[in-house]
Amino acid sequence: MSTHTRISPQTYYIPPRKTVKSRHSMNNGHANGHAQHKTSQIPVAQEASREESSRKASAALSTANIRLPHTSPVDWEIPRKFLHSSIGFLTLYLYLAHGSSRTVVKALGMALTIIVPADVLRLSFPGFERIYEKALGFLMRDSEKKTTNGVIWYIIGVLWVLSAYPLDIAVVSILILSWADTAASTIGRAWGRFTPPLPRRLFGLPLAPRKSLAGFIAGSITGAAIVAGFWTFLGPLGELEPVWTFEGGVEGTGSFSGWFGLSAISVVSGLVSGVSEALDLGSLDDNLTLPILSGGCIWGLFKCLKYLA
Numbered sequence: 001m002s003t004h005t006r007i008s009p010q011t012y013y014i015p016p017r018k019t020v021k022s023r024h025s026m027n028n029g030h031a032n033g034h035a036q037h038k039t040s041q042i043p044v045a046q047e048a049s050r051e052e053s054s055r056k057a058s059a060a061l062s063t064a065n066i067r068l069p070h071t072s073p074v075d076w077e078i079p080r081k082f083l084h085s086s087i088g089f090l091t092l093y094l095y096l097a098h099g100s101s102r103t104v105v106k107a108l109g110m111a112l113t114i115i116v117p118a119d120v121l122r123l124s125f126p127g128f129e130r131i132y133e134k135a136l137g138f139l140m141r142d143s144e145k146k147t148t149n150g151v152i153w154y155i156i157g158v159l160w161v162l163s164a165y166p167l168d169i170a171v172v173s174i175l176i177l178s179w180a181d182t183a184a185s186t187i188g189r190a191w192g193r194f195t196p197p198l199p200r201r202l203f204g205l206p207l208a209p210r211k212s213l214a215g216f217i218a219g220s221i222t223g224a225a226i227v228a229g230f231w232t233f234l235g236p237l238g239e240l241e242p243v244w245t246f247e248g249g250v251e252g253t254g255s256f257s258g259w260f261g262l263s264a265i266s267v268v269s270g271l272v273s274g275v276s277e278a279l280d281l282g283s284l285d286d287n288l289t290l291p292i293l294s295g296g297c298i299w300g301l302f303k304c305l306k307y308l309a
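Structure follows, in structure tokens:
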């Protein structure tokens, strides 16, 4: 008998070995070199909730972008507006002090003999331009640095109304130029982006679409307040008889007197102020057109009221 016992071969069932995937292979979606489909581990309800939250966040962001549009910094032109508005107070002082309008016209005319030649030199010689803008550039808009200075048109407009209109109407015209124009510009810059722009035409009149409804409303309200306040309290204090008084109405005829007449005159004059400020008359400066148009329309209004009386 042999020392080695021969064992007959037997068949054993060996189950196939399970392949354990590592975390790295599961994350990569591969096993044994074969691509596997990645199975989402997030419940369907949780996935739907996440998508809904994402949609709400996107909608909120869009709404915020609409309500708070990106805008460039506003140039408030504070020195320019201060000078612009101060002319109104000086005008009232001269009116109440019974200053001579002829003296004012002569003084403004003499000022033009200095300002106009200086402006010609500024536009003709770069060296003088640098000196001029270094001294007075803070009072100028960028659009004026390559064209005629707006102060020239301002003085010409004031000279026109003082020479052509009755004194009280001329004073009101200058106050509208000084205060209503400033109010329209300031309110338009502050809140104009929240209101629609003006139409290109209103009853056939050309308007500037770059100007806003907010500025138009501000100019109209300020113009109405100027007219109401002046002819109620300040007009009778001048040297000459005003064209309208609270008791005497239009030129002492008794028509359109009292609160009814004051309300009618103020509302119409306010609209005249707003429209005159918003007009787009090409290259004409509003410092020239605003006092001339507003004063002429107000004077025409009194003529019509007198005719109706």
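Final position of the sequence shown in UniProt numbering is 309; the numbers increase by one with none missing. Just so you know, even glycine gets a beta-carbon here, dropped at the ideal spot from N, CA and C.
Sequence-distant partners of L175 (beyond 5 residues in either direction) whose C-beta falls short of 6 Å from its own C-beta, in its chain, are G88 and I226.
Between the stretch 185–194 and the stretch 149–169, the count of C-beta pairs closer than 8 Å stays below three; the two stretches do not touch. Inter-segment contact for the stretch 194–209 and the stretch 239–255 is absent: fewer than three beta-carbon pairs are separated by less than 8 Å. Under the Cβ criterion (8 Å, minimum of three pairs), the stretch 124–131 does not count as touching the stretch 255–270. In its chain, beyond the 5 residues on either side, V243, W244 and V250 have a beta carbon closer than 7 Å to the beta carbon of F302. The DSSP-derived three-state label of P79 is helix. When rounded, the separation of the alpha-carbon atoms in I298 and S101 is 20 Å. Note that the C-beta distance between S143 and G219 is not below 8 Å.
For the pair of segments examined, the stretch 158–167 was found to touch the stretch 92–106: the number of CB pairs separated by less than 8 Å reaches three. Nearest neighbour of G223 by Cα position, chosen from L94, D286, S276 and L112, turns out to be S276.
Residue environment: G109 is assigned as exposed (fewer than 16 neighbouring CB atoms within 10 Å of its CB, all protein chains considered).
Apart from sequence neighbours up to five positions away, the residues of its chain that approach L207 with a beta-carbon distance below 7 Å are L198, P199, R200, R201, A278, L279 and D280, ordered along the chain. By the Cβ-count criterion, V120 is exposed, with fewer than 16 other Cβ atoms from all chains shown falling within 10 Å of its own Cβ. For S276, the enclosing alpha helix (DSSP H) stretches over residues G258 to A278. Rounded to the nearest angstrom, the gap between the Cα atoms of T147 and T289 is 17 Å.
Among the bridge pairs identified by DSSP, W244 is matched with V250. S255 places its beta carbon less than 8 Å from that of L305.
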